[in-house]
Amino acid sequence: MSTTDTNDELSVAHHPFRTTYPPGQFTPAGLPPYPPPPNKHTTGFKLNHMMMRIRDPQDSLHFYVTLMGMRSVFTMNTGPYTIYYLGYPSESSRQDGKSMMSHTLGLLELYHVHGSERQPKGYYNSGNDPARGLGFSHLGFTVPDVRSTLKYLRANNVEVIKDVGPGTSTRRTVPISEAEEKLGVGVGDYEGEVVEERGKIVELREEYTKVFDEIAFVSDPDGYTVELVPQGVDPLA
Numbered sequence: 001m002s003t004t005d006t007n008d009e010l011s012v013a014h015h016p017f018r019t020t021y022p023p024g025q026f027t028p029a030g031l032p033p034y035p036p037p038p039n040k041h042t043t044g045f046k047l048n049h050m051m052m053r054i055r056d057p058q059d060s061l062h063f064y065v066t067l068m069g070m071r072s073v074f075t076m077n078t079g080p081y082t083i084y085y086l087g088y089p090s091e092s093s094r095q096d097g098k099s100m101m102s103h104t105l106g107l108l109e110l111y112h113v114h115g116s117e118r119q120p121k122g123y124y125n126s127g128n129d130p131a132r133g134l135g136f137s138h139l140g141f142t143v144p145d146v147r148s149t150l151k152y153l154r155a156n157n158v159e160v161i162k163d164v165g166p167g168t169s170t171r172r173t174v175p176i177s178e179a180e181e182k183l184g185v186g187v188g189d190y191e192g193e194v195v196e197e198r199g200k201i202v203e204l205r206e207e208y209t210k211v212f213d214e215i216a217f218v219s220d221p222d223g224y225t226v227e228l229v230p231q232g233v234d235p236l237a
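The sequence shown maps to residues 1 to 237 in full-length UniProt numbering.
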C-alpha cells in the first residue's frame, strides 16, 4: 500500500521500493541473472553512437572538435538538416571509409536542423531541467588529468557545473533535483529490503563520493552536461 501526502504544491505518492544491490559497493558485473548468457541473435552487437540535437553547429563544433579534440568521421547535408559524426577514430580507420561509420565505437552524432541557429539559446531541452522534463543526463569523456582539463576549458569560457576535490559530491551535483525529491523520488534508503520512510533524504555513500569527487561536469553550448572522468580512476580502491 502507498500513502499520499498532499502539500501546497503537489500530491506526493510514496511507494515501497526494492533493490538487490548492496549500498556503496561497486559491482563490476552486476548480480545474477545479469549479464545474460551469450545469445546467437545479439552476438557482435555494439553500441556505436548517440545523437544529440544542436542549435548552432558553429558553437557545438568549436566545443567538441576544437576544445574536446574530437575528429570528424563524416558529415552529410540531408536537405532539411545536417548531421556531423564525431569521434576519436584510429588513423587506420580514418583511411578506410567503410569502417569509419560501422566500426568506430563511441561516436557522437550532432544533428542540426537548418534554421534552429536562429532560435534562442536553450532551444533544446538538455534533459536536466525539471521545469522542462528530466531525461538524458550527460555524455562521459575520460581524460588524462581532470584538473588541467578544467583549467583549459575555463580559459575557453566553458561553464563548469561540478568541480573536483573533497566535498564536491552532493545530491545536487549527481544530480538529484528538488523536483524529484518532492515527488518522493530519490528519497528513502536502499538497503536491499522494502522500506518506506517518508521525507528521509539519503546522502551519497562515502564509497561513492571518494570516486565522484574526482569527476567533473561542464556544460556544452546547448546546455548538455559533459562528464570528465580521470582515466586512472579506480572505483575499487
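Here a beta-carbon is modelled for each residue, glycine too, at the ideal position from N, C-alpha and C. Keep in mind that this is a model prediction, so the values were computed, not measured.
In whole angstroms, what is the alpha-carbon distance linking residue i and residue j?
| i | j | result |
| --- | --- | --- |
| Thr104 | Arg71 | 12 Å |
| His114 | Tyr81 | 5 Å |
| Arg205 | Gly184 | 19 Å |
| Gly186 | Asp145 | 31 Å |
| Gly131 | Ile215 | As written in the sequence, residue 131 is Ala, which differs from the Gly given in the question. Computed Cα separation, rounded: 26 Å. |
| Leu228 | Lys151 | 12 Å |
| residue 267 | Val65 | This structure cannot speak to residue 267, because the chain is shown only from 1 to 237. |
| Glu191 | Phe26 | Caution is warranted here: a pLDDT of 48 is assigned to Glu191, below 50, making its placement in the model unreliable, and the coordinate value is therefore given only provisionally. So the alpha carbons of these two residues sit roughly 14 Å apart. |
| Leu153 | Leu67 | 7 Å |
| Val202 | Pro23 | 11 Å |
| Tyr124 | Tyr21 | 35 Å |
| Lys182 | Leu107 | 36 Å |
| Arg53 | Ser60 | 10 Å |
| Val233 | Ser219 | 22 Å |
| Arg118 | Pro175 | 30 Å |
| residue 240 | Phe63 | Look at the range of the chain in this structure, 1 to 237, and you will see that residue 240 is not part of it. |
| Gly122 | Glu109 | 19 Å |
| Ile83 | Lys46 | 21 Å |
Under 8 Å, do residue i and residue j count as touching if we go by C-beta distance?
| i | j | result |
| --- | --- | --- |
| Pro230 | Val143 | yes |
| His138 | Phe217 | yes |
| Asp51 | Tyr88 | It should be noted that the sequence gives Met, not Asp, for residue 51. Cβ distance not < 8 Å, so Met51 and Tyr88 don't count as in contact. |
| Leu134 | Ser169 | no |
| Thr173 | Lys162 | yes |
| Val73 | Phe141 | no |
With DSSP as the reference, label residue i as helix, strand or coil.
| i | result |
| --- | --- |
| Phe217 | strand |
| residue 243 | Nothing can be reported for residue 243: it is not among the residues displayed for the chain, which extend from 1 to 237. |
| Asp59 | helix |
| Thr27 | coil |
| Glu159 | coil |
| Val73 | strand |
| Glu180 | helix |
| residue 250 | The structure shown does not extend to residue 250, since the chain spans only 1 to 237, so no value can be given for it. |
| residue 244 | Residue 244 lies beyond the range of the chain shown here (1 to 237); nothing can be said about it. |
| Glu203 | coil |
| Thr78 | coil |
| Val233 | coil |
| Tyr85 | strand |
| Val226 | strand |
Since residue i and residue j should fall inside the 8 Å C-beta cutoff, what is the C-beta to C-beta distance between them, to a whole number of angstroms?
| i | j | result |
| --- | --- | --- |
| His49 | Tyr85 | 7 Å |
| Arg171 | Ser116 | Not a contact, Cβ separation roughly 33 Å. |
Subject >> Any beta strand (DSSP E) of 3 or more consecutive residues that is wholly inside the region 115-146 >> reply: With a minimum length of 3 residues, the continuous beta strand (DSSP E) runs that stay inside the region 115-146 are 138-143.
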